[in-house]
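Asker: Numbering (the working numbering), first residue to last: 1 to 470. Virtual Cβ for every residue (Gly too), placed ideally from N, Cα, C.
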Ligand SMILES: *Cc1c(COP(=O)(O)O)cnc(C)c1O
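(1) Verify the contact flag: residue 113, CB atom, against every heavy atom of ligand 1, threshold strictly below 7 Å.
(2) Whose C-beta lies closer than 6 Å to the C-beta of residue 143 among residues of the same chain, with five residues either side of it excluded?
(3) Given residue 268, which residues of its chain have a CB within under 7 Å of its CB, disregarding the five upstream and five downstream residues?
(4) Taking Cβ to Cβ, would you say residue 437 is nearer than 8 Å to residue 419?
(5) Can you list, in chain order, the residues of its chain whose CB lies under 8 Å from that of residue 455, leaving out five sequence neighbours each side?
(6) Quick check: the Cα distance between residue 67 and residue 422, rounded to an integer number of angstroms?
(7) Whose C-alpha, out of 356, 23, 462, 90, is nearest the C-alpha of residue 238?
(8) Output the distance between the C-alpha atoms of residue 304 and residue 30, rounded to the nearest integer angstrom.
(9) On the CB-based measure, 16 or more other CB atoms within 10 Å of its CB, does residue 431 come out buried or exposed?
(10) Which word fits residue 207, buried or exposed, when buried means at least 16 other C-beta atoms lie within 10 angstroms of its C-beta?
(11) Output yes or no for whether 8 Å exceeds the beta carbon distance between residue 202 and residue 360.
(12) Among the residues of its own chain, which have a CB less than 7 Å from the CB of residue 390, if the five just before and after it don't count?
(13) Would you call the stretch 392-404 and the stretch 339-349 touching, i.e. three or more CB-CB distances under 8 Å?
(14) Who are residue 337's beta bridge partners in DSSP?
(15) Alpha carbon to alpha carbon, what distance is there between residue 18 and residue 191?
(16) Is DSSP giving residue 132 helix, strand or coil here?
(17) Measuring CB atoms only, is the stretch 291-300 touching the stretch 312-322, in the sense that at least three cross pairs come out at less than 8 Å?
(18) How long is the line joining the alpha carbons of residue 459 and residue 248, rounded to whole angstroms?
(19) Classify residue 2 as helix, strand or coil using the three-state DSSP reduction.
(20) Would you call the stretch 148-157 in contact with the stretch 170-184, where contact means no fewer than 3 C-beta pairs closer than 8 Å?
(21) Using the C-alpha atoms, what's the distance from residue 394 back to residue 462?
(22) Have a look at residue 407 and residue 453 and give me their C-alpha separation to the nearest angstrom.
(23) Between 470, 324, 54, which lies nearest to residue 21 when the distance is taken from Cα to Cα?
(24) When DSSP labels each residue in this structure, what does residue 75 get in the three-state scheme?
(25) So residue 102 and residue 255 are supposed to be a Cβ contact under 8 Å. How far apart are they, rounded?
(26) Following the continuous alpha helix (DSSP H) through residue 417, name the residue where it begins and the one where it ends.
(27) Under 8 Å: do the stretch 326-341 and the stretch 90-107 share three or more Cβ pairs, one atom per stretch?
(28) Using C-beta distances below 7 Å, list every residue in its chain close to residue 302, excluding the 5 sequence neighbours before and after it, in chain order.
(29) Closer than 7 Å by C-beta to residue 137: which residues in its own chain qualify, once you throw out the five before and the five after it? Chain order, please.
(30) Nearest-angstrom Cα distance between residue 43 and residue 162?
(31) Pull up the CB-CB distance for residue 140 and residue 193, whole angstroms please, since I reckon it's below 8 Å.
(32) To the nearest angstrom, report how far apart residue 55 and residue 78 are at their CA atoms.
(33) According to DSSP, is residue 443 part of a helix, a strand, or is it coil?
(34) Roughly how many angstroms lie between the CA atoms of residue 450 and residue 364, to the nearest whole one?
(35) Check residue 467 in the structure and name its three-state DSSP category.
(36) Pull up the CB-CB distance for residue 73 and residue 82, whole angstroms please, since I reckon it's below 8 Å.
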């Protein structure tokens, strides 16, 4: 649990490179299909990278969700699965790991993050409630809306500006919180939905000072704080790097303190926790835990497995402890930054500062001739695939969906193409190939035309929508 050795070595001896705190024991072959095959694959997928076959992809930066490489220890844990229907010992190991590192009292396992979002939304939201949050996340907001809640964005304005260099662009704007309380009354706000490193804002962190101030505000108004802990390890890294009082604290210590200002958390364990599937809900209030346990048996599975196999819970318990190690988190964030620096050196417009899990290319500036209703970020994802078989994804107008009241597209300020880096999977050489391909697509930008949507599903349309070139 100590600070990164590289940091202290660097201070002593001048230049020191960092390297991954692991070596490769098993490899999975990958290859690039031909340009004609890529065109056919792209057409068959309706120009939507979510509809492509993984075998047609060379370097897969679609998501960091469930794509991590597990360690030899986690694989050994898989062999220790206790597949009892009830009371598996792996559940108790998982519960102990969450209590130790995150500090919450009651743990409810779920099949993945959205299972936990469903439970907590149904357990705590009444129709007509308002749910302030530091920017929306797709599944989180949908579950809040399905439970009858109305999402209100209370992130600081800087988060919507892709070049603003604010060190904590995930922060909550307390004036926006106060305005909402004045307008609707605190009794209409069951909780603040706080995300550590804001995915949709480019993986931007929340400062410890901000969560402390938010806690004080919420205590005054009896509002709870529920944390989307999906990428809190990365958030803790930014606190260590950017808030002076935390420079000598470990990621684990920072994580624990941050969580202590919140009342509950939900987790997509497929991210920070280094497993391929899994999630959990952890809460401090007994009555919320009881409601969630009543529902978990309906929607997920018994409260001691929640949709996971015993072996999966064991790998998760081990992943929780491995993922929080300082050297691991530092090398992960630095690999993301390595790719970001290559792109910035070539003047390719990306979201700054570079966040924890992904590079977000600013498609509005990249394709400044393509209007937002012709899906510039979706276009860029398709062009990148056509150039090199690198898979990315859209985070712009397609992901934002339609306004439930008016039925119109929601036009977010940020129109981004996300290159998400899986944990412990690719090398710097892969990052070089990705950067060079983006450069080639950038150089050809003026000849590129946008897309039109030819099929649109009702929910979370970005997953299954289909497009054609204009
Ligand atoms: C992935 C994610 C979720 C949803 O989790 P799943 O495991 O995909 O269901 C929720 N919040 C954030 C910030 C995420 O990145």
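Answerer: To lay it out plainly:
(1) yes
(2) 117, 118, 121
(3) 65, 112, 113, 230, 279
(4) no
(5) 46, 464, 465, 466
(6) 6 Å
(7) 356
(8) 37 Å
(9) buried
(10) buried
(11) yes
(12) 58, 59, 61, 384, 434, 437
(13) no
(14) None; residue 337 has no bridge partner.
(15) 40 Å
(16) strand
(17) no
(18) 45 Å
(19) Reliability of the predicted coordinates at residue 2 is poor, the pLDDT of 49 falling under 50, and no value is obtained from them.
(20) yes
(21) 8 Å
(22) 15 Å
(23) 324
(24) helix
(25) 7 Å
(26) That residue, residue 417, is in no alpha helix (DSSP H); its beta strand (DSSP E) goes 416-420.
(27) no
(28) 85, 86
(29) 195, 199, 200, 228
(30) 31 Å
(31) 6 Å
(32) 26 Å
(33) helix
(34) 12 Å
(35) strand
(36) Not really, about 17 Å apart at Cβ, beyond 8 Å.
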